[in-house]
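Asks: Numbering (this note's numbering) for the sequence shown: 4 to 273. We put the beta carbon where it would ideally sit given N, CA and C, even for glycine. For reference, the structure I am asking about is given below.
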Amino acid sequence: MQPNNATYGTDANLAASKPDAILRYADHPRGFAELRVPQGKGPFPLAVIYHGGCWKTGIASQAYMAPLATRWQQLGIATLNVDYREVGDGGGWPGSFKDWAASARLIDEVAAKYPIDRARVTLAGHSAGALPAQWLARADGPGGPVGARSALKVRGSIVLDGPGDVGAEQPAFDALCQFSAVEPFMGAAPAADPARYAAISPATRAPELAQILFVQAKLPAPSAATQAALARDGGTVTVRENAGASHFAIITPGNPVYEANEAAMLAVIK
Numbered sequence: 004m005q006p007n008n009a010t011y012g013t014d015a016n017l018a019a020s021k022p023d024a025i026l027r028y029a030d031h032p033r034g035f036a037e038l039r040v041p042q043g044k045g046p047f048p049l050a051v052i053y054h055g056g057c058w059k060t061g062i063a064s065q066a067y068m069a070p071l072a073t074r075w076q077q078l079g080i081a082t083l084n085v086d087y088r089e090v091g092d093g094g095g096w097p098g099s100f101k102d103w104a105a106s107a108r109l110i111d112e113v114a115a116k117y118p119i120d121r122a123r124v125t126l127a128g129h130s131a132g133a134l135p136a137q138w139l140a141r142a143d144g145p146g147g148p149v150g151a152r153s154a155l156k157v158r159g160s161i162v163l164d165g166p167g168d169v170g171a172e173q174p175a176f177d178a179l180c181q182f183s184a185v186e187p188f189m190g191a192a193p194a195a196d197p198a199r200y201a202a203i204s205p206a207t208r209a210p211e212l213a214q215i216l217f218v219q220a221k222l223p224a225p226s227a228a229t230q231a232a233l234a235r236d237g238g239t240v241t242v243r244e245n246a247g248a249s250h251f252a253i254i255t256p257g258n259p260v261y262e263a264n265e266a267a268m269l270a271v272i273k
């Protein structure tokens with residue numbers, strides 16, 4: 004287990020740039036995001052990045068996503084690299100969801116102060132971060148993890164080796180983590196609280212996105228049913244599978260696997 008500030012899993016081919024600002028969305032220690040803005044006048048597209056770590060505190064933080072945020076900054080993309088609470092420090096259901104919803108409010112704050120194109124906002128999530136990268140873009144009813152809420156207005160989502168439906172893909176995701184990750188995060192097994200799992204499933208309500216790109220490595224593609232559910236409101240779902248690639252190669256600038264997928268990612272963001 005790595006300390007929470009480690010560049011977990013990544014091969015440091017690219018040193019992270021210094022953030023232009025550290026923005027707080029909550030008063031707990033992990034309630035912040037790193038803002039990086041490209042050089043030039045803009046307006047720039049914005050990628051909001053959510054890290055993985057199997058939703059278990061002590062494994063990872065936003066730090067390991069900083070090289071990717073830096074690479075995108077170099078390519079003319081502004082980035083918000085978000086940290087959030089996980090199981091063990093106040094996260095899980097509903098704490099992590101509260102953090103994700105609060106962090107999303109930074110988007111309009113950033114767009115008001117920096118040369119950001121609000122119409123070109125993409126949510127990107129690696130591994131466990133795939134959940135906020137999809138959940139934020141859908142509305143919730145009263146039974147949602149933070150109650151009734153409107154969908155965040157964003158254009159696209161990039162899932163980097165993460166699940167499309169947490170409940171349906173529990174066995175594969177737990178195997179990836181090498182421990183039971185889903186039930187501690189959700190606070191119950193699917194059979195014990197099916198309503199909780201249904202509340203965040205795309206089968207119940209689809210995210211309101213024009214594009215969703217899955218770049219998979221260790222995890223299989225979402226099922227045909229999940230892909231159809233994600234596309235139910237008219238968005239396009241694309242899956243790029245990278246058989247034999249590591250879980251971190253797809254997010255590591257300079258790695259051949261990342262380079263093979265970069266153009267597809269940029270096409271969604273830009």
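Helix, strand or coil for alanine 248? Go by DSSP, reduced to three states.
Replies: Walking along the sequence shown from the start, residue 248 turns up at place 245. Coil, per DSSP.
Asks: Please classify isoleucine 253 as buried or exposed, where buried requires at least 16 other C-beta atoms within 10 Å of its C-beta.
Replies: As a working mapping, residue 253 is identified with position 250 in the sequence shown. Looking at its Cβ environment, which holds 16 or more other Cβ atoms inside 10 Å, isoleucine 253 is buried.
Asks: With contact counted as at least three CB pairs below 8 angstroms, one residue from each stretch, are the stretch 179-196 and the stretch 155-163 in contact?
Replies: Verdict: no, contact absent.
Asks: With a floor of 4 residues, list each alpha helix (DSSP H) that falls wholly inside the stretch 60-111, ordered by position along the chain.
Replies: DSSP runs (the alpha helix (DSSP H)) wholly in the stretch 60-111: 69-77, 98-107.
Asks: When DSSP labels each residue in this structure, what does leucine 17 get in the three-state scheme?
Replies: The sequence position of residue 17 within the sequence shown is 14, counting from 1. DSSP places leucine 17 in coil when its eight states are reduced to three.
Asks: Hey, out of Asp177, His129, Gly247, Tyr200, whose CA is closest to alanine 66's CA?
Replies: As a first step, residue 66 is located in the sequence shown; it is residue number 63 there, counting from the start. Per the Cα distances, His129.
Asks: Please report the Cβ distance between aspartate 86 and serine 64, rounded to the nearest whole angstrom; I am assuming they are in contact, meaning their Cβ atoms lie under 8 angstroms.
Replies: Position 83 of the sequence shown, counted from the first residue, corresponds to residue 86. Position 61 of the sequence shown, counted from the first residue, corresponds to residue 64. Between serine 64 and aspartate 86 the Cβ distance is about 5 angstroms, and since that is below 8 angstroms, they are a contact.
Asks: Let me know the secondary structure DSSP gives leucine 233 once reduced to three states.
Replies: For the purposes of this step, residue 233 is taken as the residue at position 230 of the sequence shown. Of the three classes helix, strand and coil, the one that applies to leucine 233 here is helix, per DSSP.
Asks: Between the beta-carbon of alanine 69 and the beta-carbon of alanine 127, is there less than 7 angstroms?
Replies: By one-based count along the sequence shown, residue 69 stands at place 66. By one-based count along the sequence shown, residue 127 stands at place 124. Not closer than 7 angstroms, so no.
Asks: Quickly, what does DSSP pair valine 338 with across the bridge? List them, please.
Replies: Only positions 4 to 273 of the chain appear in this structure, which leaves residue 338 out of reach.
Asks: Exposed or buried, glutamine 137, counting other C-beta atoms within 10 Å across all chains shown (16 or more means buried)?
Replies: In the sequence shown, counting from the first residue as 1, residue 137 sits at position 134. Answer is buried; the Cβ neighbour count reaches 16.
Asks: Quick one: measure Cβ to Cβ for glycine 238 and glutamine 219, integer angstroms, because I've assumed they're closer than 8 angstroms.
Replies: Working through the sequence shown from its first residue, we reach residue 238 at position 235. Working through the sequence shown from its first residue, we reach residue 219 at position 216. Not a contact, Cβ separation roughly 18 angstroms.
Asks: Helix, strand or coil for alanine 24, going by three-state DSSP, please let me know.
Replies: The residue you call residue 24 lines up with position 21 of the sequence shown. Note: alanine 24 maps to strand in three-state DSSP.
Asks: Taking DSSP as the reference, what is the three-state secondary structure of glutamate 211?
Replies: Position 208 of the sequence shown, counting from 1, holds the residue named residue 211. Glutamate 211: coil per DSSP, three-state reduction.
Asks: Tell me the residue span of the beta strand (DSSP E) that contains valine 157.
Replies: Stepping through the sequence shown from its first residue, residue 157 is reached at position 154. Here valine 157 belongs to no beta strand (DSSP E), and DSSP marks it neither H nor E.
Asks: Does the stretch 98-116 come into contact with the stretch 254-270, if we say contact requires no fewer than three beta-carbon pairs (one atom in each stretch) closer than 8 angstroms?
Replies: Result no; under three Cβ-Cβ pairs closer than 8 angstroms.
Asks: To the nearest angstrom, how far is the alpha carbon of proline 210 from that of alanine 105?
Replies: The residue labelled residue 210 in the question sits at position 207 within the sequence shown. The residue labelled residue 105 in the question sits at position 102 within the sequence shown. Distance between the alpha carbons of proline 210 and alanine 105 is about 18 angstroms.
Asks: Glycine 34: which of Lys44, Lys101, Ala122, Ser153 sits nearest, CA to CA?
Replies: To locate residue 34, count along the sequence shown from 1; it is residue 31. The shortest C-alpha separation from glycine 34 is found at Lys101.
Asks: Residues in the same chain with beta-carbon distance under 7 angstroms from arginine 276, minus the five sequence neighbours each way, listed in chain order, please.
Replies: For residue 276 there is no data in the structure shown, the boundaries of the chain being 4 and 273.
Asks: Under the rule that 16 or more other beta-carbon atoms within 10 Å means buried, what is serine 153, buried or exposed?
Replies: For this step, residue 153 is matched to residue 150 along the sequence shown. Counting Cβ neighbours within 10 Å, serine 153 comes out exposed, since fewer than 16 surround it.
Asks: The alpha helix (DSSP H) spanning aspartate 177 covers which residue range?
Replies: Position 174 of the sequence shown, counted from the start, is the residue given in the question as residue 177. Its alpha helix (DSSP H) spans residues 173-180.
Asks: So, helix, strand or coil for glutamine 42, using DSSP?
Replies: For the purposes of this step, residue 42 is taken as residue 39 along the sequence shown, with counting starting at 1. Three-state result, glutamine 42: coil.
Asks: When the distance is taken between beta carbons, is tryptophan 96 closer than 7 angstroms to proline 148?
Replies: To locate residue 148, count along the sequence shown from 1; it is residue 145. To locate residue 96, count along the sequence shown from 1; it is residue 93. Going by C-beta atoms, proline 148 is nearer than 7 angstroms to tryptophan 96.
Asks: Rounded to the nearest angstrom, what separates alanine 192 and leucine 179 at their Cα positions?
Replies: The residue labelled residue 192 in the question sits at position 189 within the sequence shown. The residue labelled residue 179 in the question sits at position 176 within the sequence shown. Each residue's alpha carbon lies about 18 angstroms from the other.
Asks: Beta strand (DSSP E) containing proline 118: first to last residue?
Replies: Counted from its first residue, the sequence shown places residue 118 at position 115. No beta strand (DSSP E) holds proline 118; DSSP gives it neither H nor E.
Asks: Can you give me the Cβ contacts of proline 6 inside the same chain, cut-off strictly under 7 angstroms, excluding the 5 residues immediately before and after it?
Replies: The sequence position of residue 6 within the sequence shown is 3, counting from 1. Annotation note: pLDDT 44 at proline 6 (below 50); position unreliable, coordinate value reported separately. Cβ within range, chain order: n/a, list empty.
Asks: Give the single residue among Gly55, Ala267, Ile25, Val51 whose Cα lies nearest to the Cα of histidine 250.
Replies: By one-based count along the sequence shown, residue 250 stands at place 247. Among Gly55, Ala267, Ile25, Val51, the Cα nearest to that of histidine 250 is on Gly55.
Asks: Going by other Cβ atoms of all chains shown within 10 Å of its Cβ, with 16 needed for buried, is glutamate 244 buried or exposed?
Replies: On the sequence shown, position 241 is the one that residue 244 refers to. Counting Cβ neighbours within 10 Å, glutamate 244 comes out exposed, since fewer than 16 surround it.
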